[in-house]
Amino acid sequence: QAVGASNAEREQFRAQALRDWETILLARARELRSGGRLALANFCVDEEGRYLGHTTGADMFDSFARHWRDLLRAGRISETEYVNATFHQFYKSPDEFAAPFRDPASPVSQAGLRLEMMFTMVTPCPYAEAFRTHRNARDFA
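Each residue of the sequence shown is one higher than the one before, counting from 13 in our numbering.
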C-alpha cells in the first residue's frame, strides 16, 4: 500500500517490493537445510483490503499524511522535508506473497521452496483494545 502515491509511484513501490521479496526468499532458501521448514509472518493487504493501520475507522497512513501536510502549511517543515518523507514499505496482497511459490519457473521455486499453507488474520491493536477498556486518554497518550 502506498498511501498518497500516484499510480506510477505505487507501481514503483510494488515492483521494488516484489524484487525484494524474491531476494529475501532466495536468501532463506540458501540458509534452510534440506527438509527444513520456514514459517513467515508478514504484514499484507488482506482479501478485504485491510492492512496495518487500516483495519477499522481511520487510516493511520492517511492521518500521517494529513499531519505532515499540516506541518508543511504551518512552516514547521520545509517543502524538501515534506517531499522526502516516505515510509519505505509495501504491503503485498496474498497473491503477491504467494506468486514466487506458485510459478514453477521462478527462482524461488527452482531453489526448492514450497508454500504449504497461507492465511491472513487481523491482530487487534493492543493500545486501542486497552483504551476501549480503560477509556483514559491520558493513559492512552
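The beta carbon of each residue, even a glycine, is placed where N, CA and C say it ideally should be.
Check                                                                                                                      : Outcome
DSSP-derived helix/strand/coil call for Tyr139                                                                             : helix
Opposing strand residues paired with Tyr63 [DSSP bridges]                                                                  : His66
Limits of the alpha helix (DSSP H) - the one that His79 falls within                                                       : 72 to 85
Trp33 versus Ala41: straight-line alpha-carbon distance, rounded                                                           : 12 angstroms
Rounded straight-line distance, which links the Cα of Arg126 to that of Pro116                                             : 10 angstroms
Contact belief for Phe102 with Ala39 at Cβ below 8 angstroms, rounded distance in angstroms                                : That pair is no contact at about 18 angstroms.
Supposed contact pair Thr132 and Gln58 - C-beta distance, whole angstroms, cut 8 angstroms                                 : The question names Gln, but residue 58 is Asp in the sequence shown. About 4 angstroms; that satisfies the 8 angstroms criterion.
For Arg31 and Glu23, the rounded distance between their alpha carbons                                                      : 12 angstroms
CB-CB length for Met72 against Gly65, believed under 8 angstroms                                                           : 3 angstroms
Close-in-space but distant-in-sequence residues of the same chain around Phe152 (CB under 6 angstroms, 5 per side omitted) : Phe143
For Pro106 and Met130, believed in contact at Cβ under 8 angstroms, the rounded distance                                   : 6 angstroms
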